[in-house]
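Visitor: There's a structure below that I have some questions on.
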Amino acid sequence: MATATLTKKKVRINGCVASAQAAKYADVDVIAAYPIRPYTATMMALAQMVANGELDAEYIVADSEHSQLSIAHGAASSGARVFTGSSGVGVHFAYELYSPISGSRMPVQMMIADRTLDPPGDFGSEHTDALATRDMGWLMGWSCDAQEAFDNHLLAFRIGEDPRVLLPQMVCQDGFFVSHITADVELPDSGQVKEFLPPYKHPYPLDPRHPVSHGPQIMPEQGPPLQLERARAMEGAMPVIEQAHEEFAKIFGRTYDPWLEEFMTDDAEVVFFLQGAHGVTARHAIRHMRSRGVKVGMVRLKTIRPYPTDRVMESLSRFKVVGVIETNMGLGSVSSGGSLYAEACAALYESPKRPLVFSFMAGMGGEAIVLKEFYWMTNKMLDAQKRGSIEKRTHWVGFEE
Amino acid sequence: MPAIEVQRQMLPMLESPNQGARFYNPDLPQTEPFVPGHRTCAGCGPSIQYRMTSKASGDNTILVGPTGCMYVANSSYLCTPYNVPWAHTQIGSAGSFTAGVAAAYEAMIRKGKWKGAFPNIICEAGDGSASDIGLASISGALYRNHDCLIICYDNEQYANTGIQASSRTPYGGMTTFSPPGPMVPEAKTLFPKDLARMMAAGHPHCYVATASVGYPIDLMNKVRKGLNHKGAAYLMIYTPCQKGFVYETPRSIDLGRLVVECGLYPIWEWNPEHREYDYSFRPQSMRPVSEYLKLQGRFGHLHAEHIATLQKFANQQWSMMGVELPEALVRATDAKNLVAMASAEAAAAVAQTV
Chain A
18 MATATLTKKK VRINGCVASA QAAKYADVDV IAAYPIRPYT ATMMALAQMV
68 ANGELDAEYI VADSEHSQLS IAHGAASSGA RVFTGSSGVG VHFAYELYSP
118 ISGSRMPVQM MIADRTLDPP GDFGSEHTDA LATRDMGWLM GWSCDAQEAF
168 DNHLLAFRIG EDPRVLLPQM VCQDGFFVSH ITADVELPDS GQVKEFLPPY
218 KHPYPLDPRH PVSHGPQIMP EQGPPLQLER ARAMEGAMPV IEQAHEEFAK
268 IFGRTYDPWL EEFMTDDAEV VFFLQGAHGV TARHAIRHMR SRGVKVGMVR
318 LKTIRPYPTD RVMESLSRFK VVGVIETNMG LGSVSSGGSL YAEACAALYE
368 SPKRPLVFSF MAGMGGEAIV LKEFYWMTNK MLDAQKRGSI EKRTHWVGFE
418 E
Chain B
24 MPAIEVQRQM LPMLESPNQG ARFYNPDLPQ TEPFVPGHRT CAGCGPSIQY
74 RMTSKASGDN TILVGPTGCM YVANSSYLCT PYNVPWAHTQ IGSAGSFTAG
124 VAAAYEAMIR KGKWKGAFPN IICEAGDGSA SDIGLASISG ALYRNHDCLI
174 ICYDNEQYAN TGIQASSRTP YGGMTTFSPP GPMVPEAKTL FPKDLARMMA
224 AGHPHCYVAT ASVGYPIDLM NKVRKGLNHK GAAYLMIYTP CQKGFVYETP
274 RSIDLGRLVV ECGLYPIWEW NPEHREYDYS FRPQSMRPVS EYLKLQGRFG
324 HLHAEHIATL QKFANQQWSM MGVELPEALV RATDAKNLVA MASAEAAAAV
374 AQTV
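Respectively, the protein sequence lines represent chains A and B.
For the first sequence, the numbering used here assigns the number 18 to the initial residue and increments by one for each residue that follows.
For the second sequence, the numbering used here assigns the number 24 to the initial residue and increments by one for each residue that follows.
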């Protein structure tokens with residue numbers, strides 16, 4: 018597409034509005050809303066777009082998150098492109114629906130702006146809400162700023178609706194750090210979106226002209242092939258994800274590695290391994306420490322489902338020490354920390370050259386991780402490198418010397 | 024792009040609505056969206072209802088099946104009895120999933136993505152789904168007035184899970200969660216949730232009605248009225264369950280008439296235009312509740328005082344319908360005039376047809 022004909026524009030919006038804009042550009046047919054902070058602002062923006070006639074969609078104010086996801090399931094099953102979302106305990110109120118939606122292979126899209134679960138239920142961003150659903154068959158990844166959120170929504174529609182994939186998508190962003198911080202976002206020309214995102218066409222919708230039965234009960238011996246198919250769809254999504262990112266770069270001019278963002282890792286000896294918005298602070302902290310000669314970098318996981326096991330292994334094996342910043346609770350888990358550690362270690366297990374790995378419990382309850390905490394964590398990694406062993410598997414940042 | 028106007032279906036009413044099941048109506052549709060080949064029990068009330076409902080609705084129909092008998096027993100994998108599109112949904116998602124289907128078709132037709140008349144969208148929820156776990160989702164769908172029909176096939180219990188009490192299980196009904204014993208001789212101590220009236224009172228813009236498999240033409244016409252009504256409609260249909268009620272298999276339709284004749288299942292319509300109840304439906308006779316109870320094993324433990332309590336309840340229902348009570352039914356509220364179910368034969372002898 019010739020650049021001269023494009024009507025792109027740069028706007029200053031927060032992550033929530035960026036998500037709403039993406040849904041509008043995707044011309045969604047059905048929106049299922051229910052209020053809970055902080056993601057609510059996305060649905061507020063969409064409600065206004067529908068009221069203004071900027072977007073032709075059925076906007077449904079559901080009676081709960083469980084109903085939101087059921088509405089989304091029913092609408093997607095009928096052949097509509099569907100957008101919904103939630104935060105915190107709302108994500109869990111809908112938990113029952115995650116497996117049925119992926120099991121019926123309905124590419125519902127759900128925006129999540131993380132919120133800490135109860136307790137303490139504060140408005141801060143902790144990733145436990147969405148991560149607790151990570152094995153339910155949804156494509157899942159975190160954006161670190163509003164532009165990336167906008168882009169990830171379009172990418173997720175394209176990937177999830179691909180007939181080779183047909184899986185629902187959780188497009189996650191940190192509550193407040195992304196959802197409520199205003200940033201520059203380039204909105205594309207609608208022609209670019211049309212070129213990138215073909216109309217949604219499910220192969221077997223609920224259509225009276227072509228009767229099908231969705232979700233009949235089966236016998237136990239009929240279960241394994243169904244579950245295998247869903248597992249294969251998740252694995253099969255990996256090349257589709259890569260292809261979609263390549264095409265996205267061609268059409269929109271923004272290039273992303275779909276799996277990992279590596280920041281100043283070329284000669285790094287110690288790295289942070291994390292997801293989401295704290296990556297932005299990490300970049301600042303790393304630049305500062307680099308100016309003092311510390312060989313520190315960051316590897317930011319962009320897609321956690323499907324998990325890029327080989328890429329994580331190749332990447333993290335290059336370093337001496339990996340400090341996992343969890344931002345999630347894995348109470349009583351293998352490290353007594355969060356869930357990112359266990360998966361990173363599992364990915365590294367077959368590597369001939371394993372780094373030292375341990376967790377930092379930071380950003381819990383949605384507290385900001387400030388620069389001096391990044392410096393403190395860096396020192397812990399440097400200590401481990403010097404010592405050649407870890408001090409412990411999990412450090413609670415702010416509670417230790 | 025200008026929005027495309029959505030075309031709705033309009034189904035004709037059938038004649039002779041008050042006739043019983045053995046009445047031949049030549050206008051009955053030939054179409055069979057619900058075909059044999061499922062695994063429901065012989066005499067299954069919900070299945071009989073399902074066939075009538077889908078026949079009345081026709082082929083441009085989408086069925087939604089929340090978890091319950093009509094999901095589990097009907098849908099053995101690769102062998103479902105639905106000749107129209109059908110989707111399972113969660114037991115608590117009856118109204119919400121259905122709303123999603125309706126919303127999708129509104130948007131897709133309006134945006135030119137699907138061409139044709141708006142389909143009849145019917146949700147078939149059991150009473151466990153409709154009165155308990157899915158109540159809020161159904162209320163949401165009715166409140167938002169999606170163009171759909173939500174049916175509660177009311178077999179007065181969670182049958183598929185092995186006969187457990189629901190909020191629709193009648194007083195005195197034995198289930199595995201409400202067994203009789205020395206401390207609880209009547210078994211279920213609570214009276215059923217007045218579900219259909221809740222729906223009418225809370226969503227007065229909706230067409231709401233009750234029906235019974237004992238009156239098939241009336242049932243089918245109510246299905247069509249609900250579908251013709253632009254917006255949401257709700258039907259609660261009495262569908263006996265042989266396994267849970269414990270009766271002789273061929274008597275499903277008889278029970279469907281007796282429950283109405285005994286005043287335990289008032290048949291009415293809520294007219295959303297005039298905002299009033301229509302109580303004009305009259306069974307051909309009125310009977311004491313013992314006539315209905317004695318045919319079912321689930322009431323076999325009841326003492327005379329419990330039967331009297333149920334008769335009081337039935338009489339209240341008649342009064343609510345504006346029906347004057349015959350003397351025999353008033354006398355039947357006194358336990359002294361009744362005998363325990365253990366001597367049901369004797370009960371039958373004293374029962375009076377009014």
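All C-beta atoms in this analysis are idealised placements derived from N, C-alpha and C, irrespective of residue type, glycine included.
Beta-carbon of A/L373 versus every beta-carbon of chain B: anything under 8 Å?
Guide: Chain B contact via Cβ: absent.
Visitor: Which residues in chain B have a C-beta closer than 7 Å to the C-beta of A/S230? List them in chain order.
Guide: Within 7 Å Cβ-Cβ: S98, T103, Y105, W109.
Visitor: Please state the DSSP three-state secondary structure of B/D150.
Guide: B/D150 falls in the helix class under three-state DSSP.
Visitor: When you compare the CB positions of A/A64 and A/Y76, do they come within less than 8 Å of one another, or not?
Guide: The answer is yes: Cβ separation under 8 Å.
Visitor: Below 8 Å, how does it come out for the stretch 159–166 of chain A and the stretch 24–39 of chain A: are there three or more Cβ pairs, yes or no?
Guide: Output reads yes: the stretch 24–39 of chain A touches the stretch 159–166 of chain A.
Visitor: Roughly how many whole angstroms lie between the Cα atoms of A/A250 and A/V257?
Guide: Answer to the nearest angstrom: the Cα atoms are 10 Å apart.
Visitor: Taking C-beta pairs closer than 8 Å, name the residues in chain A that B/D16 reaches, listed in chain order.
Guide: Here chain B covers residues 24 to 377 and nothing more, so residue 16 of chain B does not appear.
Visitor: Against chain B, which members of the stretch 279–295 of chain A pass a CB distance test of less than 9 Å?
Guide: Hits within the stretch: zero.
Visitor: Thinking B/F120 and A/G91 are a contact (beta carbons under 8 Å), I'd like their distance in whole angstroms, please.
Guide: Indeed, because the Cβ distance is near 4 Å, the residues count as touching under 8 Å.
Visitor: Just checking: is the beta-carbon of B/Q113 within a distance shorter than 8 Å of some beta-carbon in chain A?
Guide: Yes, B/Q113 counts as interfacial toward chain A.
Visitor: Let me check understanding here. Comparing Cα to Cα, which of A/A97, A/T411, A/L23, A/I342 lies closest to A/G354?
Guide: It is A/T411.
Visitor: How many whole angstroms separate the CB atoms of B/P289 and B/T233, which I take to be in contact at a CB cut-off of 8 Å?
Guide: Contact flag correct, Cβ pair sits at about 7 Å.
Visitor: On the three-state DSSP scale, how would you describe A/S334?
Guide: Three-state result, A/S334: coil.
Visitor: To test your reading of the DSSP string, which unbroken beta strand (DSSP E) runs of 3 or more residues are found completely within the stretch 259–293 of chain A?
Guide: Complete beta strand (DSSP E) runs here, min 3: 277–280, 287–291.
Visitor: Consult DSSP for A/S376 and reduce its assignment to one of helix, strand or coil.
Guide: Of the three classes helix, strand and coil, the one that applies to A/S376 here is strand, per DSSP.
Visitor: Relative to the C-alpha of A/C362, which residue among A/M381, A/G382, A/V339 is closest?
Guide: Answer by Cα proximity: A/V339.
Visitor: Compute the Euclidean distance between the alpha carbons of B/E129 and B/Q265, then round it to the nearest angstrom.
Guide: Looking at the two C-alpha atoms, the distance is approximately 40 Å.
Visitor: Going by DSSP in three states, A/T24 sits in which element: helix, strand or coil?
Guide: It is coil, neither helix nor strand.
Visitor: Would you check if the stretch 143–158 of chain B and the stretch 110–117 of chain A touch, i.e. whether three or more CB-CB distances between them fall below 8 Å?
Guide: Contact between the stretch 110–117 of chain A and the stretch 143–158 of chain B is absent, because fewer than three Cβ pairs lie under 8 Å.
Visitor: Could you tell me how far apart the beta carbons of B/S160 and A/S84 are, in whole angstroms, since I believe they sit closer than 8 Å?
Guide: So it is a contact: roughly 5 Å between Cβ atoms.
Visitor: What are the partner residues of A/G314, as DSSP defines its beta bridges?
Guide: In the DSSP output, where bridge partners are listed per residue, A/G314 has A/V288.
Visitor: How should B/R321 be labelled, buried or exposed, when 16 other C-beta atoms within 10 angstroms of its C-beta is the threshold for buried?
Guide: Burial call: buried.
Visitor: So A/M236 contacts chain B; which residues on that side make the cut at Cβ distance below 8 Å?
Guide: Per Cβ cutoff of 8 Å: S99, Y100.
Visitor: Using a Cβ-Cβ cutoff of less than 7 Å, which residues in the same chain neighbour B/A327 once the five nearest sequence positions on both sides are dropped?
Guide: Excluding residues within five positions, the ones whose Cβ falls inside 7 Å are A358, L361, V362, A363.
Visitor: Give the secondary structure of B/S77 by DSSP, where H, G and I count as helix, E and B as strand, and everything else as coil.
Guide: The answer is helix: DSSP assigns B/S77 an H, G or I state.
Visitor: Since B/Q30 is in the beta strand (DSSP E), which residue starts that stretch and which ends it?
Guide: Run containing B/Q30: none; DSSP gives neither H nor E here.
Visitor: Less than 8 Å between the CB atoms is what I'm expecting for B/V246 and B/I276, so what's the real figure, rounded?
Guide: Between B/I276 and B/V246 the Cβ distance is about 17 Å, and since that is not below 8 Å, they are no contact.
Visitor: Report the three-state DSSP secondary structure of A/C465 (helix, strand or coil).
Guide: Nothing can be reported for residue 465 of chain A: it is not among the residues displayed for chain A, which extend from 18 to 418.
Visitor: For a cutoff of 8 Å on Cβ pairs, would you count A/H90 as touching chain C?
Guide: Absent here is chain C; the protein component of the structure consists of chains A and B.
Visitor: Could you check what DSSP says for A/M157 in three-state terms: helix, strand or coil?
Guide: Three-state DSSP puts A/M157 in a strand.
Visitor: When Cβ atoms are compared, which residues of the stretch 123–138 of chain B fall closer than 9 Å to chain A?
Guide: Listed in sequence order: G123, V124, A125, A126, A127, Y128, E129, A130, M131, R133, K134, K136, W137.
Visitor: Nearest to A/G296 by CA position, among A/A385, A/L373, A/S103, is which residue?
Guide: Here the closest residue by C-alpha is A/A385.
Visitor: Does the beta-carbon of A/M60 have 16 or more other beta-carbons within 10 angstroms, so that it is buried, or is it exposed?
Guide: With 16 or more other Cβ atoms within 10 Å, it is buried.
Visitor: Let's see if you can read the secondary structure: which residues bound the beta strand (DSSP E) around A/Q164?
Guide: Per DSSP, A/Q164 belongs to no beta strand (DSSP E); it is in the alpha helix (DSSP H), 163–178.
Visitor: Would a check of beta-carbon distances place B/F304 closer than 8 Å to chain A?
Guide: It does not: the Cβ of B/F304 has no partner Cβ on chain A nearer than 8 Å.
Visitor: Taking the alpha carbon of B/E397 as the reference point, which residue from B/N178, B/C229, B/Q340, B/K317 has its own alpha carbon closest?
Guide: Outside the displayed span of chain B (24 to 377) sits residue 397 of chain B, for which this structure offers no information.
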